[in-house]
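Input: a single structure, listed below in structure tokens.
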Amino acid sequence: MEIMTNGNIRIPQMKPQYEAREHRDFRALANYAALEYTNSDAFIIKTRKATKTSPAEYRHVTFREFRAEINWLGTAMKNRGWTGRRIALLGENCYEYVLAHFSILGGIGISIPLDKGLKEEETFSSLERSGAKVLIFDAKHLPLVRRLQEMNAPVEAYVCMNDHTADFLSIRELLEEGRRAFRAGDTDYTTLPIDPDETAIMVFTSGTTSRAKAVMLSQHNVLYNVYAMQRTTGIRRGDMNMAFLPYHHTYGSGGQTLMIACGASTAFPEGLKYIQKNMQEYHVSIFIGVPLLIEAMWKRIIRGIEKEGKIASFQKGVRLTRRMLKLHIDLRRRVFREIHEQLGGNLRFIFSGASALDPRIQRGWETIGVRVIQGYGMTESSPVITTEDPKNRRAGSIGKALYGVDLELTRPNRDGIGELIVRSPSVMLGYYEDPEETAKALENGWLHTGDLARIDEDGFVYLTGRSKNVIVLKNGKNVYPEELEALIQKIPYVTECLVTGEPRHRDGNHKDLAIKALIVYDPDRMADEAGPETAGAEAPGSAGGAAGNAKGNPESPETRVKADIEAINRTLPNYKQILRLEVTDQPLEKTTTGKIKRQQKQQNH
């Protein structure tokens, strides 16, 4: 660590471990992948589901075929006069989405991925604010598109990703148009000028606390981030990726671009319900997810072990493999072979981002031999800022600065906590038509993340919360809600929680605050004995409630929660103690990345 003259602490960068090529633009990346990985599968697409009488059918798209279809679709777009246009994308993850995104970035214009979870008014606003003139959508969103037409959305052309409607032009029709023209000698698309430093992608932030901002990213922003990730991760040709994270987020689209750069194959899940089935089906080796999903997958594994009455056997295997690891003998994949087979047999890495992952869940996955790599980033940084070294990790840490990323902790307080600021080739150009917010976020090339963190003596970074969420008490003490939320989340039956500061008195004096927790519980889980959610990481039920087993217990949920919160309070200094509770079994409202809409919940409760 290096202390700067202004009092900031410079966070060390990860050292590059793998060779990689930095690509000038998306066309160069597609050309490289076609030449380097040629006939390897870039995508595997299920075209027909299995039935009782026939197996499933698949289409395999090689990297060479992917480039060819980019050129065909791009040629059709050019010939329809869309060069220089802003083109919005709306739909579920699919091959056509990636194809359209790469075709737009191959010299046509600006790609604008829209949040598929938005309501019609918000979608209309995004189209209007961004200036999109073409909307490429999937058939699932056909009712929304018809409503947008009725609302006179400022869109001149609509294209359906699927072939399920006769009312709109389809990508297949455009591909055929472009294929004929390209083969007839119209190859102008492949030489259209691309400025890698101009706005190429416009992404609307999820807006947990305010109106969404439109982040402007260049091709250089995104591709440098991909390059830096290649230098520090072990993704390789032949890996199989499951594209679960939505492409309208930079975490999802950036991850997909990384797979193409690395020569990994991509398959598409059929939905959350079928994740495990699809992982088996495609023998997934790389999975990129958010903590909510990664935790749910782990809990499903443990509940399956519980249901089969194999907990004792599982824990025996944990003890055995731990002893052998001390002797540098890794038997985890062999001992836990049955679990690995349920996941497809090839799972090597899980990459977790978007929010903090419970360290116990991370240790649980590690117990069976699956590495969980945590990272941290934001849309404004294309997105990755920090990541863990697969060979040198600390539970609860988000790792160190990504290769090529300057990261500093600004003037840490007496607790060692300060704001993270970042400077790198991946930092955004700014917010579209919002110079005031851009000036707040960018200062002399440094992006103010708004995230608070601390670092340990070895340079590992630990997030402590958001600067805008800090609760400042009357005595001047700072309380970080995320710190308390992490403690509450260790209670097995708690599914979500939100910690806020609430005026102690009815006069609403906002300087005299009490700590309040809004807690969402799982009734079924509360009714059961505290199960080994983190078996393999800690003893079964070690994070269990202080009130003990609720099975047959007449206590109300409020009484049970109160007892468990009191147990947590006994471990905290007085000023951090939770004094007010609200208990519910109804989920909190979230953004499409699974983040709780914090300000909205503060206003509503």
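Take 1 as the starting number for the sequence shown in full-length UniProt numbering and just add one per residue. Think of the CB as a built atom: it goes at the ideal place given N, C-alpha and C, for glycine as much as any other residue.
**alpha helix (DSSP H) runs contained entirely in the region 348-427, provided each spans 4 or more residues** = 359-367
**Request:** Throw me the rounded Cβ distance for the Ser285 and Leu347 pair, which I believe falls under 8 Å.
**Result:** Taking the first residue of the sequence shown as position 1, residue 285 is located at position 285. Taking the first residue of the sequence shown as position 1, residue 347 is located at position 347. With a Cβ gap of about 6 Å, Ser285 and Leu347 count as contacting.
**Request:** Take Asn93 as the anchor and find which of Arg86, Leu114, Asn392 and Phe182 has the nearest alpha-carbon.
**Result:** In the sequence shown, residue 93 corresponds to position 93, counting from 1. For the residues Arg86, Leu114, Asn392 and Phe182, the minimum Cα distance to Asn93 belongs to Leu114.
**Asked** Ile491 by DSSP, collapsed to three states: which one?
**Response** Within the sequence shown, residue 491 is the residue found at index 491, counting from 1. Reduced to three states, the DSSP call for Ile491 is coil.
**Item:** C-beta atoms of Ile373 and Glu388 nearer than 7 Å
**Value:** Working through the sequence shown from its first residue, we reach residue 373 at position 373. Working through the sequence shown from its first residue, we reach residue 388 at position 388. In contact: Ile373 and Glu388 (Cβ atoms closer than 7 Å).
**Request:** Please name the residue or residues paired with Glu57 in a DSSP beta bridge.
**Result:** For the purposes of this step, residue 57 is taken as the residue at position 57 of the sequence shown. Answer is Arg48, bridged to Glu57.
**Separation of Pro425 from Ala439, as counted between CA atoms** = Within the sequence shown, the letter at position 439 stands for residue 439. Within the sequence shown, the letter at position 425 stands for residue 425. Taking the straight line joining both Cα atoms gives about 18 Å.
**Prompt:** When you compare each of Ala527, Trp446 and Ile578 to Leu473 by their alpha carbons, which one comes out closest?
**Reply:** As a first step, residue 473 is located in the sequence shown; it is residue number 473 there, counting from the start. Considering only alpha carbons, the answer is Ile578.
**Prompt:** Across which residues does DSSP place Leu442 in a beta bridge pair?
**Reply:** In the sequence shown, residue 442 corresponds to position 442, counting from 1. Note: Leu442 sits in a beta bridge opposite Leu447.
**Request:** Decide if Ala50 is buried, meaning its Cβ has at least 16 other Cβ atoms within 10 Å, or exposed.
**Result:** Reading the sequence shown from its first residue, position 50 is the one you call residue 50. That one is exposed.
**Asked** In chain order, what residues of the same chain lie with their CB nearer than 7 Å to the CB of Arg394, ignoring the 5 residues before and after it?
**Response** As a first step, residue 394 must be located in the sequence shown, where it is residue number 394. For Arg394, where only same-chain residues beyond five positions count, the Cβ hits under 7 Å are Phe460.
**Asked** Considering only the beta carbon of each residue, do Ala76 and Glu177 sit closer than 7 Å?
**Response** In the sequence shown, residue 76 corresponds to position 76, counting from 1. In the sequence shown, residue 177 corresponds to position 177, counting from 1. Cβ distance < 7 Å, so Ala76 and Glu177 count as in contact.
**Outcome for Lys119 when other beta-carbon atoms lying within 10 angstroms are tallied against a minimum of 16** = In the sequence shown, counting from the first residue as 1, residue 119 sits at position 119. Exposed, since its Cβ has fewer than 16 Cβ neighbours within 10 Å.
**Request:** Measure the C-alpha to C-alpha separation of Phe168 and Lys116 and round it to an integer number of angstroms.
**Result:** Along the sequence shown, one-based indexing puts residue 168 at 168. Along the sequence shown, one-based indexing puts residue 116 at 116. Computed Cα separation, rounded: 19 Å.
**Asked** Is the Cβ-Cβ distance between Trp72 and Arg179 less than 7 Å?
**Response** Locating residue 72 in the sequence shown gives position 72, where the first residue counts as 1. Locating residue 179 in the sequence shown gives position 179, where the first residue counts as 1. Yes.
**Request:** Note down, in chain order, each residue of its chain lying with its Cβ closer than 7 Å to the Cβ of Val561, except the 5 sequence neighbours on either side.
**Result:** Sequence index remark: in the sequence shown, residue 561 carries index 561 (1-based). Cβ neighbours of Val561 beyond the five flanking positions: Ile519, Tyr521, Leu581 and Val583.
**Prompt:** Between which two residues does the alpha helix (DSSP H) containing Leu35 stretch?
**Reply:** Counting from 1 along the sequence shown, the entry for residue 35 is found at position 35. Looking at the DSSP string, the run of the alpha helix (DSSP H) that includes Leu35 is Phe26 to Glu36.
**Of the listed residues Val479, Ala563, Asn478 and Thr410, nearest to Gly450 (C-alpha basis)** = Taking the sequence shown and counting its residues from 1, one reaches residue 450 at position 450. Checking every option, the nearest Cα to that of Gly450 belongs to Thr410.
**Asked** Under a Cβ-count criterion, where at least 16 other Cβ atoms within 10 Å of its own Cβ denotes burial, should Ala261 be classed as buried or exposed?
**Response** Here residue 261 refers to the residue found at position 261 when the sequence shown is read from its first residue. Ala261 comes out buried.
**For Leu148, the nearest candidate out of Ser125, Asp163, Tyr432 and Ala166 (CA to CA)** = Mapped onto the sequence shown, residue 148 falls at position 148. Closest option to Leu148, Cα to Cα, is Ser125.
**Item:** Terminal residues of the alpha helix (DSSP H) in which Cys262 lies
**Value:** Reading the sequence shown from its first residue, position 262 is the one you call residue 262. Run containing Cys262: Thr250 to Cys262, per the alpha helix (DSSP H) assignment.
**Prompt:** Counting pairs of beta carbons, one from the region 19-39 and one from the region 56-65, are three or more of them closer than 8 Å?
**Reply:** yes
**Extent of the continuous beta strand (DSSP E) to which Thr199 belongs** = As a first step, residue 199 is located in the sequence shown; it is residue number 199 there, counting from the start. Run containing Thr199: Thr199 to Phe204, per the beta strand (DSSP E) assignment.
**Prompt:** Helix, strand or coil: which one does DSSP assign to Glu121?
**Reply:** Counted from its first residue, the sequence shown places residue 121 at position 121. It is helical.
**Request:** Compute the beta-carbon to beta-carbon distance between Val479 and Lys576, rounded to the nearest angstrom, for a pair I have assumed lies under 8 Å.
**Result:** As a working mapping, residue 479 is identified with position 479 in the sequence shown. As a working mapping, residue 576 is identified with position 576 in the sequence shown. About 6 Å; that satisfies the 8 Å criterion.
**Request:** Confirm, please, whether the CB-CB distance from Arg86 to residue 608 is below 7 Å.
**Result:** A query on residue 608 cannot be resolved here, the shown segment of the chain reaching from 1 to 605 and no further.
**Residues near Ile275 in its chain [Cβ-Cβ closer than 8 Å; skip 5 each side]** = Looking up residue 275 in the sequence shown gives position 275. Within the same chain, Ile275 has close Cβ partners Met242, Phe244, Pro269, Leu293 and Met297.
**Request:** Quickly, what does DSSP pair Tyr521 with across the bridge? List them, please.
**Result:** Your numbering for residue 521 matches position 521 in the sequence shown. Answer is Val494.
**Request:** Taking only the alpha-carbon atoms, compute the straight-line gap between His220 and Val422 and give it to the nearest angstrom.
**Result:** For the purposes of this step, residue 220 is taken as residue 220 along the sequence shown, with counting starting at 1. For the purposes of this step, residue 422 is taken as residue 422 along the sequence shown, with counting starting at 1. Between His220 and Val422, the C-alpha separation is close to 17 Å.
**Request:** With Asn79 as the anchor, note down where its alpha helix (DSSP H) starts and where it stops.
**Result:** Position 79 of the sequence shown holds residue 79. Run containing Asn79: Phe63 to Asn79, per the alpha helix (DSSP H) assignment.
**Item:** Segment contact, 8 Å Cβ cut-off, at least three pairs: the region 360-367 with the region 428-442
**Value:** no
**Asked** Would the beta-carbon of Ile110 fall within 7 Å of that of Met202?
**Response** Translated into the one-based positions of the sequence shown, residue 110 becomes position 110. Translated into the one-based positions of the sequence shown, residue 202 becomes position 202. Yes; because the gap between Cβ atoms is below 7 Å, this pair is in contact.
**Message:** According to DSSP, Arg466 sits in a beta bridge with which residue or residues?
**Reply:** Position 466 of the sequence shown holds residue 466. For Arg466, which the question treats as bridged, DSSP gives the partners Asp451.
**Asked** Taking buried to mean at least 16 other C-beta atoms within 10 Å of its own C-beta, is Lys477 buried or exposed?
**Response** Walking along the sequence shown from the start, residue 477 turns up at place 477. Exposed is the call here.
**Request:** Pull up the distance between the alpha-carbon of Gly465 and that of Val222, whole angstroms please.
**Result:** Your numbering for residue 465 matches position 465 in the sequence shown. Your numbering for residue 222 matches position 222 in the sequence shown. Approximately 26 Å between the Cα atoms of the pair.
**Message:** On the criterion of 16 or more Cβ atoms from any shown chain inside 10 Å, does Gln586 qualify as buried, or is it exposed?
**Reply:** Translated into the one-based positions of the sequence shown, residue 586 becomes position 586. Looking at its Cβ environment, which holds fewer than 16 other Cβ atoms inside 10 Å, Gln586 is exposed.
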